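According to my numbering, the sequence shown is numbered sequentially starting from 3.
Even glycine gets a Cβ: it sits at the ideal position worked out from N, Cα and C.
Here the structure is a predicted model, which is why all the values come from computation and not from measurement.
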Amino acid sequence: MKKGRYGKFGGQYVPETLMTALIELEQAYEAAKEDPSFQKELDYYLRDFVGRENPLYFAERLTELVGGAKIFLKREDLNHTGAHKINNSLGQALLAIRMGKRKIVAETGAGQHGVATATACALFGLECVVFMGKEDIRRQQLNVFRMELLGAKVVSVDKGAGTLKDAVNEALRYWVAHVDDTHYILGSALGPHPFPQIVRDFQRVIGVETRRQIVEKTGRLPDAVVACIGGGSNAIGMFHPFVDDEDVALYGVEAAGSGIASGRHAAAIADGKEGVLHGAYMYVLQDADGFIQEAHSISAGLDYPAVGPEHCHLHDIGRVTYSAVTDTEALEGLQVLARTEGIIPALESAHAVKFAMDLARDMTSEEIIVICLSGRGDKDMQTVREALGGGVQ
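Written out as structure tokens, the structure reads:
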């Protein structure tokens, strides 16, 4: 496979002003991968700062309620800062330091990546600017406060729908203008090469731990692995160590929003149009004239009109099955998990929970499903409360 390409997807569709920075980043990353001291330092922070490894938990009451396959949860929600995003932010912050860059720019949708990046910057004494859409700022005010408390400057993006796509646009523009002393910590497995590879590699720890833990607990690999997908960072980190295990079915769950037929969704693979966005060739939501369409999801973290290039390739070769879950269904998944296991998942993760519940019903009690619980739901409580009309259903 050509470097930076996943089948026909990926690439580097960027202005010439960014090519020098991308080449510098690729060279720095390739050198860091081969340097045992870099991995040793990252492992230290993942263990002593993030709290890895986190548990693989058997959801016994959820399994009993649903019937069918045994359901396990990979508890990324227990990481410091409350989501998988901290794995990548720490790795890229250490990479920035190796490149001599003490200033960081980032984008965020749900705020999880913004909080994780602001946390890493506070830890290492780096300056931090985070771009965030105005709509997401409204939905995620608590995370805005957390970022500011950690010393980051949060910049509201008023263009477009004021969601993650618009925040990525502005972060890229800022990076172009400050590339000499600033590293862009991209938060998902998308963007121009080498970002999809870097983010995937820093998130592989999820799947590596899961693979070992499920064998320790059950004596074998799972029958199915399920993860939610916006850009796709938690999913690609979970899937990658299982890709060569042909007996393990992999399922990615996009956000169907108000329903695929409504046109108000964030399911780029289900929509099936290819195009370029934010420096990479991917499946992208677009109209008949090729203009990017606004995405919609109740989950700010899934509210993005494209899917990372490696996911697009895994879809095309049939290795991963991609489905979509609506806002209403995700709310059901969130409430069921809360009431059966005492765990309130992020709205992103709730999409995977709902899909896995339906999948488990069609499987036997001898079979095993693992869900990547990518984050905790504290940040979404106001959104959930409003969606439920001020109370539970």
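- In terms of Cβ geometry, Leu279 and Asp247 do not form a close pair [threshold 8 Å].
- Pro347 carries a strand assignment under DSSP once its states are collapsed to helix, strand and coil.
- By the C-beta criterion, the segment 289-299 is judged not to be in contact with the segment 374-383, since fewer than 3 inter-stretch pairs fall below 8 Å.
- Judged by DSSP secondary structure, Ile216 falls outside any beta strand (DSSP E) and instead within the alpha helix (DSSP H) spanning 197-220.
- Apart from the 5 residues on each side of it in sequence, Ala98 sits with its Cβ closer than 8 Å to the Cβ of Arg104, Ile106, Leu128, His185, Ile187 in its chain, given in chain order.
- Membership of Met240 in the alpha helix (DSSP H) is indicated by the continuous run 235-241.
- In this structure Val132 is in contact with Ala154, their Cβ atoms being roughly 5 Å apart against a cut-off of 8 Å.
- Within the DSSP secondary-structure output, Leu375 pairs in a beta bridge with Arg77.
- When DSSP reads this structure, Cys123 sits in no beta bridge, so it has no partner.
- In this structure Val255 is in contact with Ala326, their Cβ atoms being roughly 7 Å apart against a cut-off of 8 Å.
- About 6 Å separates the beta carbon of Ala354 from that of Ala229, a gap short enough to meet the 8 Å contact definition.
- Under the three-state reduction of DSSP, Ile300 is assigned to coil, being neither helix nor strand.
- When secondary structure is reduced to three states using DSSP, His317 falls in the helix class.
- Between Ile345 and Phe74, the C-beta spacing is not below 8 Å.
- For Ser39, the uninterrupted alpha helix (DSSP H) run begins and ends at 38-47, by DSSP.
- Approximately 6 Å separates the beta-carbon atoms of His82 and Gly53; this is inside 8 Å, confirming the contact.
- The DSSP-derived three-state label of Ile187 is coil.
- Closest option to Lys5, judged by alpha-carbon separation, among Thr22, Glu18, Glu28: Glu28.
- In the same chain as Gly162, and ignoring 5 residues on each side of it, the C-beta atoms closer than 8 Å to its own belong to Gly135, Asp168, Asn171, Glu296, in chain order.
- Annotated three-state conformation of Tyr59 is strand, per DSSP.
- The C-alpha of Tyr59 is placed about 32 Å away from the C-alpha of Ile262.
- Three or more Cβ pairs drawn from the segment 144-151 and the segment 110-119 lie within less than 8 Å of each other, which places the two stretches in contact.
- Spatial neighbours of Asp380 in its own chain (CB-CB distance under 8 Å, excluding positions within 5 residues in sequence) are listed in chain order as Gly84, Leu144, Ile346.
- Here the segment 35-53 makes no contact with the segment 316-325; the two share fewer than three CB pairs at distances below 8 Å.
- Residue pairing by DSSP places Leu252 opposite Val227, Val322 in a beta bridge.
- Assignment of Ala290 by DSSP, reduced to helix, strand and coil, places it in the coil class.
- In the DSSP secondary-structure assignment, Val278 is bridged to Tyr283.
- Less than 8 Å separates the beta-carbon of Tyr15 from that of Tyr283.
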